[in-house]
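Protein chains: 4
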Amino acid sequence: MQQEMVSKKYDIIAIGRACLDLNAVEYNRPMEETLTFSKYVGGSPANIVIGGAKLGLKVGFIGKIPDDQHGRFIQKYMADAGVDTSNMVTDQEGHKAGLAFTEIKSPEECSILMYREGVADLYLRPEEVNEDYIKEAKALLVSGTALAQSPSREAVFQAIQYAKKHGVEIIFELDYRGYTWKSVYETAIYYTLVAEQANVIIGTRDEFDVMENRKGDNATTVEHLFKHRARLIVIKHGVEGSYAYTKSGETHRGTAYKSKVLKTFGAGDSYAAAFLYALLSGKNIDTALKYASASAAIVVSKHSSSEAMPTVAEIEALIQANE
Amino acid sequence: MQQEMVSKKYDIIAIGRACLDLNAVEYNRPMEETLTFSKYVGGSPANIVIGGAKLGLKVGFIGKIPDDQHGRFIQKYMADAGVDTSNMVTDQEGHKAGLAFTEIKSPEECSILMYREGVADLYLRPEEVNEDYIKEAKALLVSGTALAQSPSREAVFQAIQYAKKHGVEIIFELDYRGYTWKSVYETAIYYTLVAEQANVIIGTRDEFDVMENRKGDNATTVEHLFKHRARLIVIKHGVEGSYAYTKSGETHRGTAYKSKVLKTFGAGDSYAAAFLYALLSGKNIDTALKYASASAAIVVSKHSSSEAMPTVAEIEALIQANE
Amino acid sequence: MQQEMVSKKYDIIAIGRACLDLNAVEYNRPMEETLTFSKYVGGSPANIVIGGAKLGLKVGFIGKIPDDQHGRFIQKYMADAGVDTSNMVTDQEGHKAGLAFTEIKSPEECSILMYREGVADLYLRPEEVNEDYIKEAKALLVSGTALAQSPSREAVFQAIQYAKKHGVEIIFELDYRGYTWKSVYETAIYYTLVAEQANVIIGTRDEFDVMENRKGDNATTVEHLFKHRARLIVIKHGVEGSYAYTKSGETHRGTAYKSKVLKTFGAGDSYAAAFLYALLSGKNIDTALKYASASAAIVVSKHSSSEAMPTVAEIEALIQANE
Amino acid sequence: MQQEMVSKKYDIIAIGRACLDLNAVEYNRPMEETLTFSKYVGGSPANIVIGGAKLGLKVGFIGKIPDDQHGRFIQKYMADAGVDTSNMVTDQEGHKAGLAFTEIKSPEECSILMYREGVADLYLRPEEVNEDYIKEAKALLVSGTALAQSPSREAVFQAIQYAKKHGVEIIFELDYRGYTWKSVYETAIYYTLVAEQANVIIGTRDEFDVMENRKGDNATTVEHLFKHRARLIVIKHGVEGSYAYTKSGETHRGTAYKSKVLKTFGAGDSYAAAFLYALLSGKNIDTALKYASASAAIVVSKHSSSEAMPTVAEIEALIQANE
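Residue numbers (the numbering used here), protein chains in the order written: chain A, 428 to 750; chain B, 428 to 750; chain C, 428 to 750; chain D, 428 to 750.
See the structure below:
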């Protein structure tokens with residue numbers, strides 16, 4: 428993420444899942460009473476690169492999609508959004524796209540009904556990860572959910588080994604989804620193995636607690652991680668705002684922007700997209716935290732996650748309005 | 428299906444899957460270009476009992492549904508349609524509802540994108556099948572797809588043993604879906620084991636071929652099955668119409684009714700519902716074949732399968748119009 | 428088993444497992460203190476055909492053996508013993524031979540430590556069962572344990588369909604081993620499905636209870652089975668002797684012979700071998716029961732099961748000595 | 428392994444498998460012709476701690492054993508040999524002990540028939556690894572085979588995290604067994620993840636090639652590993668001897684001792700036991716390599732692996748005889 432990397436072809440390449448969101452068309456009611464669903468691309472790392480592309484970053488994606496109508500829709504949508512999809516692999520074993528049916532009972536009461544059994548994204552194999560592709564990125568963004576099962580887990584470790592070999596920064600978005608994991612011990616072990624190799628780590632306090640398999644505190648968390656390869660750690664505390672810690676010892680605080688919340692989905696992904704965009708554009712950490720909060724505030728006021736990703740102009744307008 | 432059974436509480440109890448259909452709202456195009464889907468109850472045996480209830484039959488259902496919004500929707504929809512759902516079991520292990528995304532490119536070119544991995548209906552266990560419930564039915568309708576995996580397969584065999592014990596007729600709707608089965612040999616074996624115990628067997632010629640694991644002919648098929656417990660066998664030949672064979676040696680031919688076809692889904696289920704309704708109402712086989720064809724013709728002209736099931740009046744009107 | 432079958436090439440073809448027994452060389456002690464084990468062929472249906480061959484029957488075997496030293500030993504041992512092994516299939520997927528480590532603490536306290544995880548015999552597939560081979564047998568002997576898992580379960584049903592098609596008698600040896608089964612309901616269902624198609628059924632009272640999934644009695648058991656295809660049912664009650672029931676209504680009682688018991692393994696297999704030998708040789712049921720008891724008495728006094736199978740002379744000598 | 432650690436309760440705690448070897452009593456022939464087998468404790472890490480205990484090291488073992496006669500034999504044998512077994516967990520899910528039937532056709536032609544399906548050792552869970560126990564060791568010895576499957580793989584990573592936290596040295600014995608692994612990519616990934624955290628790494632050149640997933644050379648291998656936490660790397664080249672590389676840049680060569688070879692099994696384990704004993708006793712690397720070679724030479728001349736582990740006196744006598 429420094430100047431000497433400027434010549435790289437991609438700012439960020441993400442690895443993980445690209446799925447479908449099926450969002451209730453009729454909302455503010457239980458899903459049982461919803462009869463129509465709108466289809467969007469979803470999945471945290473997919474959302475982040477789509478958001479990044481919309482902000483002007485050069486982004487690519489490594490993942491596995493099904494050989495069916497949903498898979499083709501995902502690839503086309505992402506390509507149209509400006510994401511390089513040359514390294515998205517088409518599954519040949521009948522696996523399906525992950526699905527997230529969203530239920531919006533009220534802004535405070537949202538839930539997701541997930542289809543994650545035998546989904547294509549978790550079948551990406553290590554030998555399908557391309558060393559030359561990763562080499563061309565400034566940063567590799569790893570989504571924690573991709574660690575939940577083999578062989579996707581090994582594909583991520585393979586990507587990390589390539590990234591380290593070629594001096595590509597590793598960004599770890601914890602992105603924890605309990606339903607995909609077999610045990611809390613397993614999660615803690617693999618999250619720790621990746622976090623100790625990552626340069627930038629972003630997650631909610633709850634997600635860091637999952638990684639540590641205990642109720643922890645920020646001071647202890649960052650002290651441990653800065654002993655390894657981390658240089659920047661962002662810990663989000665919901666409406667109370669977020670903290671960015673640097674290896675050099677600084678702490679930066681970001682505050683959440685008020686917005687008319689429709690639903691809570693997609694907030695974290697839009698946060699990460701804008702935060703990384705700001706950093707890669709050379710803005711300082713305080714500014715990056717503002718971009719992140721503004722981006723999250725915009726997405727939660729809209730119906731979708733991927734489609735709703737804001738432009739730089741929208742973000743800056745919101746920041747301006749709140750200064 | 429005879430007079431002495433008149434005192435039974437249910438005309439038909441079906442065992443098998445109750446799932447969701449997600450039908451393309453925008454059709455006559457590839458699914459990749461469909462952005463909205465409508466939700467309906469689906470699954471062959473569920474459709475048949477919903478259709479039967481609409482025609483006035485007393486029907487019940489044995490199956491397993493997920494403990495989520497989709498499961499609750501399915502149960503409520505079926506109960507509202509007049510199906511007894513007291514023996515639908517709620518899954519406690521996180522299994523999901525089967526999904527069928529339908530694609531209607533043109534009336535001739537329809538396809539289905541299925542989600543059948545780890546679905547609740549295939550996890551019905553034999554000990555969850557209630558002997559006293561089956562005893563109260565004139566007929567038990569078995570859907571072939573319920574044989575595809577354990578423990579649903581064993582639940583079906585359990586239901587069949589109860590039916591035989593209590594003199595309940597066994598209707599076998601072949602309902603073959605290739606994607607759920609591991610091998611053609613396995614299908615042939617279990618289809619044969621059930622067909623040899625069934626009193627009424629209904630399927631397409633292709634489905635009977637699957638059962639025999641060879642390209643067969645009606646004469647040989649019925650000769651074999653009449654050596655066992657069958658008394659009535661219906662073999663459907665698509666637009667060429669269908670044949671009903673009786674143990675006593677009669678052959679009845681049914682012809683297909685012309686209709687403005689929107690899609691081909693649901694034709695078989697509406698056929699079976701109307702055919703069984705007619706038989707149970709004391710109509711003769713030729714009339715039952717007309718009801719079946721008329722019912723199928725009506726459903727293929729509409730957008731859904733379950734919701735589109737016709738009334739007796741609609742069926743009789745179509746028959747009238749074609750006499 | 429009648430005269431008209433005399434022209435058949437085989438008296439009995441068995442389907443099921445052929446495994447290894449590893450018998451404690453030092454016995455009358457816990458297995459923890461045993462340091463040496465002797466290797467024998469084992470597995471109920473293998474033992475029965477080996478025993479049958481020794482008595483002069485023409486026997487064959489359908490089963491799957493591993494592609495390793497144990498598999499080759501099993502095949503050679505059986506061939507040398509006079510069993511036709513032309514239809515034993517060699518596994519190509521790395522499955523292993525089942526193992527039974529026997530522990531003989533005292534004649535009354537014997538136990539077996541089984542290795543049955545991923546064993547080759549349970550991977551026999553229906554398409555590996557040869558119709559022409561079964562056609563050449565007077566009787567097909569089905570071992571209940573072969574029903575425990577797919578695809579072996581389906582291979583058995585395939586064999587039964589061929590047997591029925593060609594008028595080959597079906598002998599069902601219940602041979603129940605709890606550790607291979609997932610649930611008592613599953614066992615009851617498949618045992619019943621096979622028993623209702625079998626002509627001769629042999630098992631202990633405990634095994635019939637497993638089949639009925641309740642504590643039952645002989646009268647009810649035979650009443651039910653004689654409604655299907657059974658003509659002869661043998662129910663063993665341990666030291667109290669055994670009962671043979673015929674469809675025509677006769678009951679025959681067999682008494683156990685006293686012997687110096689070394690261990691209890693192998694008694695049932697030697698019983699079945701001698702009983703079937705006697706029947707196929709035209710002896711009456713009372714005599715067949717004597718042969719069975721004598722054969723069992725001889726095997727329990729020796730160290731192995733397969734290797735210890737007696738000759739006709741040995742059996743007749745024991746009978747003589749007890750008249 | 429330095430002076431300041433002298434106060435620790437254990438010199439080495441190993442984590443991994445403790446299994447059974449079933450060695451042909453009659454050898455110099457194919458296993459098909461072997462009729463008797465002798466039972467020994469086996470498994471690389473179990474052999475190493477047994478060997479270490481015999482040499483006077485204070486050793487402990489972390490692993491999972493079955494709740495059966497084999498499991499009890501293993502635990503008692505190891506305890507009697509002087510290994511602390513307080514952290515060996517008894518499996519409660521019916522898993523069995525791994526088995527290795529050894530075939531000795533000639534000293535040059537030895538092979539092993541493995542039973543590794545569903546074995547207890549691979550079911551050790553991370554939450555069964557005790558932090559306080561590992562803290563008490565100078566070194567944690569990790570066997571590569573324990574990485575082959577979940578949850579044993581995660582148990583190893585958990586143990587490594589504890590070892591790093593408490594300054595316990597990590598010794599990685601590559602111990603690669605192809606049959607337990609699903610893919611070469613997976614092996615390479617997990618071997619690399621552990622090797623980059625280990626302080627001492629021991630393996631054959633072939634095993635290092637597996638770790639690198641290519642035909643590599645020692646210079647490149649050690650250059651990479653010394654960038655991480657390694658301080659000592661031993662690469663064995665069979666009869667050509669072995670090389671020990673130190674972080675400070677030294678290379679030490681060990682030569683193989685001649686001996687009357689009976690079989691090749693157990694050589695690597697006895698090598699590791701004696702090498703680590705010598706290092707922990709303060710001997711220099713050249714001497715440690717001699718101890719290792721002598722120990723290996725003694726074991727290959729005997730029938731078993733664990734039971735044959737030599738004493739210090741035997742090792743020193745062989746070294747003396749060859750000076």
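By construction, the Cβ of each residue, glycine as well, lies at the ideal position given by its N, Cα and C atoms.
Any beta-carbon of chain A closer than 8 angstroms to the one on residue 678/D? no
Limits of the unbroken beta strand (DSSP E) element including residue 541/A: 536-542
Check whether the Cβ atoms of residue 555/B and residue 582/B lie closer than 8 angstroms to each other. yes
Would you grab the beta carbon distance between residue 489/C and residue 442/C for me? Rounded to a whole angstrom, and I think it's under 8 angstroms. That belief holds up - the Cβ atoms of residue 489/C and residue 442/C are roughly 4 angstroms apart, short of 8 angstroms.
6 angstroms Cβ shell around residue 437/A - same chain, five flanking residues per side excluded: 485, 487, 563, 564
What residues in the region 479-507 of chain B have a beta carbon less than 8 angstroms from any beta carbon of chain A? 495, 496, 497, 499, 500, 503
Please return the same chain residues whose Cβ sits closer than 8 angstroms to the Cβ of residue 586/C, not counting the five positions on each side in sequence. 442, 489, 556, 561, 567, 569
Going along the region 544-555 of chain A in order, which residues come within less than 8 angstroms of chain D, judged by CB to CB distance? 552, 553, 554
From residue 682/A to residue 700/A, what distance separates their C-alpha atoms? 17 angstroms
Measure the alpha-carbon distance for residue 666/D versus residue 720/D and round it to whole angstroms. 10 angstroms
So with CB distances below 9 angstroms, who are the chain B contacts of residue 459/A? 496, 497, 499, 500, 503
Helix, strand or coil: which one does DSSP assign to residue 450/B? strand
Could you check what DSSP says for residue 438/C in three-state terms: helix, strand or coil? strand
If you measure from the beta carbon of residue 734/B to each beta carbon in chain A, is any gap under 8 angstroms? no
Kindly indicate the opening and closing residues of the alpha helix (DSSP H) around residue 556/D. It is not in any alpha helix (DSSP H) - residue 556/D carries neither H nor E in the DSSP assignment.
Of all the options 528/C, 509/C, 702/C, 471/C, which has the alpha carbon lying nearest to the alpha carbon of residue 465/C? 528/C
Short of 7 angstroms Cβ to Cβ, which residues in the region 594-626 of chain D face chain A? 612, 613, 616, 619, 620
Closer than 9 angstroms by beta-carbon distance: list the chain B residues that pair up with residue 463/A, in chain order. Per Cβ cutoff of 9 angstroms: 452, 463, 464, 465, 466.
State the Cα-Cα distance for the pair residue 661/B and residue 624/B, rounded to the nearest angstrom. 16 angstroms
Paired residues, beta bridge with residue 688/D - DSSP: Looking at the DSSP assignment, residue 688/D forms no beta bridge with any residue, so it has no partner.
Through-space distance from residue 539/D to residue 640/D, alpha-carbon basis: 24 angstroms
Should the region 597-611 of chain D be regarded as contacting the region 626-644 of chain D, the criterion being three or more beta carbon pairs within less than 8 angstroms? yes
Residue-level contact to chain A via CB, residue 703/B, 8 angstroms cutoff: no
Report all residues from its chain with a CB closer than 8 angstroms to the CB of residue 611/C; omit the five preceding and five following residues, and keep chain order. 637, 640
Span of the beta strand (DSSP E) holding residue 505/D? Segment 496-507 is the alpha helix (DSSP H) holding residue 505/D; no beta strand (DSSP E) there.
So which residues of chain B does residue 729/A contact, with C-beta pairs closer than 7 angstroms? Residues of chain B passing the Cβ test: none, with the nearest at roughly 16 angstroms.
Alpha-carbon to alpha-carbon, residue 519/B and residue 735/A: 36 angstroms
Contact check, residue 511/A vs residue 446/A under 8 angstroms by CB: the rounded distance? Between residue 446/A and residue 511/A the Cβ distance is about 19 angstroms, and since that is not below 8 angstroms, they are no contact.
Is the separation between the beta-carbon of residue 704/B and that of residue 479/B shorter than 8 angstroms? The answer is yes: Cβ separation under 8 angstroms.
Following the continuous beta strand (DSSP E) through residue 567/A, name the residue where it begins and the one where it ends. 564-570
Closest Cβ-Cβ distance between residue 650/B and chain A: below 8 angstroms? no
Among the candidates 517/A, 530/A, 454/A, whose CA atom is the shortest distance from the CA of residue 546/A? 517/A
What's the C-alpha gap between residue 743/C and residue 482/C? 11 angstroms
For residue 680/A, report the span of its beta strand (DSSP E) as first-last. 678-681
Tell me the start and end of each unbroken alpha helix (DSSP H) in the region 559-637 of chain C that is at least 4 residues and wholly inside, in chain order. 579-592, 611-622
Endpoints, the alpha helix (DSSP H) within which residue 668/D is located: In the DSSP annotation of this structure, residue 668/D is not part of any alpha helix (DSSP H), being labelled neither H nor E.
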